[in-house]
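As given, the protein sequences belong to chains A and B, one line each in that order. Under our numbering, the final residue of the first sequence carries the number 507; numbering is consecutive throughout. Under our numbering, the final residue of the second sequence carries the number 507; numbering is consecutive throughout. Report on one structure; see the data block that follows.
Number of protein chains: 2
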Amino acid sequence: MAEDEGITVKKSENFSEWYIQAIIKSEFFDYGDISGTTIFRPEGYFIWERIHDYVDSLFKEAGVTNTYFPLLIPKKFLEKEKEHIEGFSPEVAWVTKAGQSKLEEELAIRPTSETIMYPAFSRWIRSWRDLPYRYNQWNNVIRWEFKHPTPLLRNREFLWNEGHSVFADEESANLEKDQILGIYEKTITDLLCLKGIKGQKTESEKFAGGLASFSFEFLLPDGKTVQGPDFHHDGTNFAKAFDITFLNREGEKTYVYQNTYAISTRMIGVLLAVHGDDKGLVVPPGLSRYEVVIVPIFNEKTKGEVLEYAFKIRDELRVKFRVYLDDRVEYTPGWKYNHWELKGIPVRIEIGAREVKSSKLTYVRRDTMEKGTLNATDVGNEIGNIIEMINANLLKRSTEFLYSHIKKTNEITQIRDIIAQGNIVQVHWCGSSACEDKIKEVSGGKSTNIPFDSSAGPDSICINCGNKAKFVVNFGRSY
Amino acid sequence: MAEDEGITVKKSENFSEWYIQAIIKSEFFDYGDISGTTIFRPEGYFIWERIHDYVDSLFKEAGVTNTYFPLLIPKKFLEKEKEHIEGFSPEVAWVTKAGQSKLEEELAIRPTSETIMYPAFSRWIRSWRDLPYRYNQWNNVIRWEFKHPTPLLRNREFLWNEGHSVFADEESANLEKDQILGIYEKTITDLLCLKGIKGQKTESEKFAGGLASFSFEFLLPDGKTVQGPDFHHDGTNFAKAFDITFLNREGEKTYVYQNTYAISTRMIGVLLAVHGDDKGLVVPPGLSRYEVVIVPIFNEKTKGEVLEYAFKIRDELRVKFRVYLDDRVEYTPGWKYNHWELKGIPVRIEIGAREVKSSKLTYVRRDTMEKGTLNATDVGNEIGNIIEMINANLLKRSTEFLYSHIKKTNEITQIRDIIAQGNIVQVHWCGSSACEDKIKEVSGGKSTNIPFDSSAGPDSICINCGNKAKFVVNFGRSY
Numbered sequence: 029m030a031e032d033e034g035i036t037v038k039k040s041e042n043f044s045e046w047y048i049q050a051i052i053k054s055e056f057f058d059y060g061d062i063s064g065t066t067i068f069r070p071e072g073y074f075i076w077e078r079i080h081d082y083v084d085s086l087f088k089e090a091g092v093t094n095t096y097f098p099l100l101i102p103k104k105f106l107e108k109e110k111e112h113i114e115g116f117s118p119e120v121a122w123v124t125k126a127g128q129s130k131l132e133e134e135l136a137i138r139p140t141s142e143t144i145m146y147p148a149f150s151r152w153i154r155s156w157r158d159l160p161y162r163y164n165q166w167n168n169v170i171r172w173e174f175k176h177p178t179p180l181l182r183n184r185e186f187l188w189n190e191g192h193s194v195f196a197d198e199e200s201a202n203l204e205k206d207q208i209l210g211i212y213e214k215t216i217t218d219l220l221c222l223k224g225i226k227g228q229k230t231e232s233e234k235f236a237g238g239l240a241s242f243s244f245e246f247l248l249p250d251g252k253t254v255q256g257p258d259f260h261h262d263g264t265n266f267a268k269a270f271d272i273t274f275l276n277r278e279g280e281k282t283y284v285y286q287n288t289y290a291i292s293t294r295m296i297g298v299l300l301a302v303h304g305d306d307k308g309l310v311v312p313p314g315l316s317r318y319e320v321v322i323v324p325i326f327n328e329k330t331k332g333e334v335l336e337y338a339f340k341i342r343d344e345l346r347v348k349f350r351v352y353l354d355d356r357v358e359y360t361p362g363w364k365y366n367h368w369e370l371k372g373i374p375v376r377i378e379i380g381a382r383e384v385k386s387s388k389l390t391y392v393r394r395d396t397m398e399k400g401t402l403n404a405t406d407v408g409n410e411i412g413n414i415i416e417m418i419n420a421n422l423l424k425r426s427t428e429f430l431y432s433h434i435k436k437t438n439e440i441t442q443i444r445d446i447i448a449q450g451n452i453v454q455v456h457w458c459g460s461s462a463c464e465d466k467i468k469e470v471s472g473g474k475s476t477n478i479p480f481d482s483s484a485g486p487d488s489i490c491i492n493c494g495n496k497a498k499f500v501v502n503f504g505r506s507y
Numbered sequence: 029m030a031e032d033e034g035i036t037v038k039k040s041e042n043f044s045e046w047y048i049q050a051i052i053k054s055e056f057f058d059y060g061d062i063s064g065t066t067i068f069r070p071e072g073y074f075i076w077e078r079i080h081d082y083v084d085s086l087f088k089e090a091g092v093t094n095t096y097f098p099l100l101i102p103k104k105f106l107e108k109e110k111e112h113i114e115g116f117s118p119e120v121a122w123v124t125k126a127g128q129s130k131l132e133e134e135l136a137i138r139p140t141s142e143t144i145m146y147p148a149f150s151r152w153i154r155s156w157r158d159l160p161y162r163y164n165q166w167n168n169v170i171r172w173e174f175k176h177p178t179p180l181l182r183n184r185e186f187l188w189n190e191g192h193s194v195f196a197d198e199e200s201a202n203l204e205k206d207q208i209l210g211i212y213e214k215t216i217t218d219l220l221c222l223k224g225i226k227g228q229k230t231e232s233e234k235f236a237g238g239l240a241s242f243s244f245e246f247l248l249p250d251g252k253t254v255q256g257p258d259f260h261h262d263g264t265n266f267a268k269a270f271d272i273t274f275l276n277r278e279g280e281k282t283y284v285y286q287n288t289y290a291i292s293t294r295m296i297g298v299l300l301a302v303h304g305d306d307k308g309l310v311v312p313p314g315l316s317r318y319e320v321v322i323v324p325i326f327n328e329k330t331k332g333e334v335l336e337y338a339f340k341i342r343d344e345l346r347v348k349f350r351v352y353l354d355d356r357v358e359y360t361p362g363w364k365y366n367h368w369e370l371k372g373i374p375v376r377i378e379i380g381a382r383e384v385k386s387s388k389l390t391y392v393r394r395d396t397m398e399k400g401t402l403n404a405t406d407v408g409n410e411i412g413n414i415i416e417m418i419n420a421n422l423l424k425r426s427t428e429f430l431y432s433h434i435k436k437t438n439e440i441t442q443i444r445d446i447i448a449q450g451n452i453v454q455v456h457w458c459g460s461s462a463c464e465d466k467i468k469e470v471s472g473g474k475s476t477n478i479p480f481d482s483s484a485g486p487d488s489i490c491i492n493c494g495n496k497a498k499f500v501v502n503f504g505r506s507y
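Below is the structure:
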């Protein structure tokens with residue numbers, strides 16, 4: 029499809045149409061045949077492989093080990109934790125038949141794996157010697173949402189990590205939070221080149237079955253918020269529902285403390301939505317199948333010298349970078365520029381007879397479309413510097429975009445307009461769910477989180493009831 | 029459970045009970061709550077991660093890229109290729125409900141992904157410029173078998189790679205076979221330390237919907253055969269069913285040629301079954317979470333010097349190896365020996381006051397249980413050599429086991445007994461399915477494959493009909 033046409037709408041004028049065209053015409057993704065499912069084509073899946081590898085190696089350094097539990101969950105297990113089943117049952121895909129036979133018990137495709145893992149934890153854990161468990165799995169889950177689906181951002185099937193930890197005491201469980209949120213933050217910042225708002229979810233927005241939830245929240249160009257990676261303290265809730273106990277050093281039967289955490293393929297949608305422009309995707313260098321594409325420009329007469337020089341540059345660069353020399357003769361240089369711009373390749377190098385003669389290269393940065401020349405003598409370091417500048421610029425742009433759209437107000441009457449204009453609104457709040465419900469109703473959105481980097485001053489008052497404010501909390505329209 | 033007891037049966041006396049005890053008491057795997065599903069605990073899943081990483085990097089070197097297609101397949105797609113649906117439909121798990129709503133169309137959980145991938149291939153592929161596709165995905169599939177399940181070996185859910193290639197012509201499609209079978213063979217030999225029989229499946233045993241299938245076949249200690257990694261030429265079968273065509277260089281509409289290939293978690297069952305012994309698992313070094321475990325032996329007086337020395341050795345070894353110093357005080361050295369033997373750790377190092385004094389180490393090889401001493405001065409290389417010897421010995425043992433159980437005969441009356449005694453039987457065959465059916469009936473098993481390394485001599489005759497033999501073919505009882 030890339031051959032046929034570029035993107036036909038402006039990102040600023042019609043974000044949702046731009047988003048679909050950008051991810052599909054780039055050939056990174058496609059609609060699955062069932063509504064709400066998405067096909068990950070090679071360059072799209074490459075992004076997830078890079079996120080997987082990066083996060084997985086940080087998890088392993090931190091002492092987390094991977095496991096795999098079955099896809100299907102017996103209905104009776106899913107029903108064991110009351111809030112959990114209430115939260116998930118409307119979205120569960122049910123297997124009721126195998127071959128021609130009706131199953132005796134309906135089986136849920138995991139929407140998340142607590143209820144298939146914890147019966148096993150209950151069998152396995154006997155003594156304080158067995159703890160902690162710091163387990164994780166990378167898998168696919170299904171949540172059959174009935175809202176309007178959007179590829180990656182609101183998908184019925186998605187890929188994720190789900191971390192499941194078991195500790196002997198609350199203190200150890202609490203310590204894990206900063207470590208895991210730190211891993212996610214490093215990934216978001218260094219690899220995805222994104223800025224998110226780190227904070228705690230309110231009671232009404234926390235994980236179904238958990239005690240306290242923490243999240244990174246993102247803002248998309250259309251002014252909608254998206255929840256990114258999250259972390260949940262489950263306390264002893266699931267331990268009690270699934271009877272997960274151990275004998276402590278004193279020989280007493282004790283309930284375990286649990287945490288869970290996740291990052292999903294939804295983040296691919298977020299980063300592509302935030303970084304892209306009217307020409308198509310802008311992929312951060314660490315996530316791009318190629319960091320550099322070389323386009324040679326030649327005629328019959330210059331072909332030999334141009335290609336020789338281009339191959340030499342390619343060979344030098346590929347020691348350090350993922351690089352592709354696009355020497356296909358069936359396409360023109362201009363077609364190739366459009367092609368690789370649509371796919372968001374960070375750096376394009378153009379090599380023609382002029383570059384050969386001067387021992388220089390022409391390059392174009394995808395993030396800014398700035399063009400420059402550089403010496404061929406130190407091309408590895410030069411390109412390395414450019415890539416670092418791209419990383420820094422993408423992070424800077426996404427940070428500025430986010431912070432310029434967080435608007436504070438003390439007037440409840442302004443909330444709706446601020447959000448409708450594509451912002452996150454930040455207000456003071458007493459912490460009561462009655463007030464949250466009221467603000468939610470007025471806002472037309474919902475609370476995203478209580479940001480860690482803001483706190484209610486001693487004299488601040490709740491925007492709804494006027495009582496002393498406990499928190500600063502953000503509201504937005506969400507995906 | 030490892031604390032409670034070791035394995036209570038001998039492998040040679042009761043293989044199936046031994047197998048279950050070995051993989052469960054080692055805490056590598058456990059039964060899932062739904063019959064036919066298996067839980068991969070950390071050390072068990074580690075084996076799959078290593079196989080995944082090894083195969084995946086060889087695939088990437090060969091030019092294969094990863095993708096992800098949805099889990100659920102609309103019924104109408106699954107039905108498009110007649111032989112394919114006949115082969116798979118008895119084993120399909122069907123999703124019929126989401127939340128409280130009955131779905132309009134039943135959705136299959138993928139038993140394999142041809143029928144969800146190829147409609148997309150049909151949309152995407154337009155021109156010879158788009159080919160080849162060399163796509164792969166690592167995922168989970170469900171085949172709801174009604175035979176008696178065995179963890180890993182006959183599982184209703186398993187993990188695998190599924191490679192799906194699309195070529196413009198038959199010759200290119202044919203060339204891929206040796207490359208992919210070579211990757212699997214290298215993995216089986218170098219990483220799994222196993223020997224398999226490489227060959228072609230007969231017409232009646234080939235992949236449902238394919239033209240020709242190739243496989244590695246393995247023999248388990250109980251005399252049953254298991255099919256390992258396979259490769260299928262699909263020709264234009266699926267191209268015709270799914271209308272996958274392209275315009276060739278002459279502008280003519282042409283059907284594509286396709287291949288598929290897979291290696292699954294079943295291989296973990298095979299390697300653990302073949303290598304293990306009465307003490308428990310024997311894990312090949314490349315697949316073991318720890319290659320070396322150090323057990324310090326000390327009393328109150330020697331504790332300081334022994335641990336200091338043990339930590340020094342640990343730090344030296346961990347530059348090259350995955351090593352664990354088991355300095356837990358709540359367990360005795362004897363308990364630790366049993367514990368790590370059950371888990372099949374390739375090398376145990378024992379360090380006591382005597383070792384400290386002599387600047388030596390005592391080691392025990394898990395594959396042979398041979399004990400020896402080595403100098404602490406060059407411990408990295410010494411252990412490296414021992415690990416190489418373990419790899420070579422495991423491969424040698426599994427090769428000898430396999431070849432000593434391949435029995436040739438020209439007497440059809442002997443086939444049943446040979447197989448019943450735990451062997452693969454190798455016979456000459458004319459190639460007709462009537463004769464294959466007859467041999468199958470007599471044998472009590474079925475054909476495994478037509479080995480590449482044997483061929484029918486010019487004067488050889490079919491064991492059933494007495495006509496000229498075209499092939500040498502193996503029969504066995506299979507899982």
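For each residue, glycine too, the CB sits at the ideal point set by N, CA and C.
Determine the chain B residues that contact residue i at a beta-carbon separation under 9 Å, and present them in chain order.
i              : result
S117 (chain A) : G127 and Q128
I170 (chain A) : L99, L100, V123 and A126
Where does the unbroken beta strand (DSSP E) through residue i begin, and where does it stop?
i              : result
S241 (chain A) : A240 to L247
F349 (chain A) : Taken as a continuous stretch (DSSP letters only), F349 (chain A) belongs to no beta strand (DSSP E), as it is neither H nor E.
Residues of chain A with CB closer than 8 Å to the CB of residue i, please, in chain order.
i              : result
C94 (chain B)  : Note that residue 94 (chain B) is Asn in the sequence shown here, rather than Cys. Going along chain A in sequence order, the residues near N94 (chain B) (Cβ under 8 Å) are P70, Y73, F74 and E77.
L187 (chain B) : Y96
L315 (chain B) : Simply none; closest approach about 14 Å.
Run through chain A and tell me which residues come within less than 9 Å of residue i, C-beta to C-beta.
i              : result
Y163 (chain B) : R69 and P70
G60 (chain B)  : F97, P98, L100, I144 and A148
Among the candidates the options, whose CA atom is the shortest distance from the CA of residue i?
i              : options                           : result
E33 (chain B)  : B:I52, B:N492 and B:N42           : B:I52
Y82 (chain B)  : B:N189, B:A338, B:R162 and B:A121 : B:N189
Y73 (chain A)  : B:I491, B:F97, B:D58 and B:H80    : B:F97
S117 (chain B) : B:Y365, B:F266 and B:L135         : B:L135
P249 (chain B) : B:C463, B:D343 and B:K39          : B:K39
Y507 (chain B) : B:V323, B:A196, B:P313 and B:M295 : B:M295
E364 (chain A) : A:K104, A:I322 and A:S387         : Residue 364 (chain A) is actually Lys in this sequence, not Glu. For the residues A:K104, A:I322 and A:S387, the minimum Cα distance to K364 (chain A) belongs to A:I322.
T427 (chain A) : A:E245, A:V123 and A:E71          : A:E245
D239 (chain A) : A:K223, A:Q207 and A:N202         : Sequence inspection shows Leu at residue 239 (chain A); the Asp mentioned does not correspond to that position. Nearest C-alpha to L239 (chain A): A:N202.
Could you work out which residues of chain B lie near residue i, taking near to mean beta carbons separated by less than 8 Å?
i              : result
R346 (chain A) : Near R346 (chain A) there are no residues of chain B at all, since even the closest Cβ is about 14 Å away, more than 8 Å.
Using a Cβ-Cβ cut-off of 6 Å (strictly less than) and excluding sequence neighbours within five positions of residue i, which residues of its own chain qualify?
i              : result
I478 (chain B) : G227, Q228, F499 and V501
G115 (chain A) : A236
D306 (chain A) : K38 and K39
I101 (chain B) : A136, R138, T143 and I144
If you drop the 5 nearest sequence neighbours on each side, which residues of the same chain put their C-beta closer than 8 Å to that of residue i?
i              : result
H80 (chain A)  : W166 and N189
K268 (chain A) : Y283
In terms of residue numbering, what span does the alpha helix (DSSP H) encompassing residue i cover?
i              : result
L422 (chain A) : V407 to Y431
V83 (chain B)  : P70 to A90
P361 (chain A) : P361 to L370
N183 (chain A) : No alpha helix (DSSP H) contains N183 (chain A), which DSSP labels as neither H nor E.
Residues in its own chain within less than 7 Å of residue i by CB, not counting five upstream and five downstream?
i              : result
R184 (chain A) : G64, T65, I170, R171, W172, E173 and P177
S316 (chain B) : G372, I373 and P374
Under 7 Å between beta-carbons, which chain A residues line up against residue i? List them in chain order, please.
i              : result
E358 (chain B) : R157
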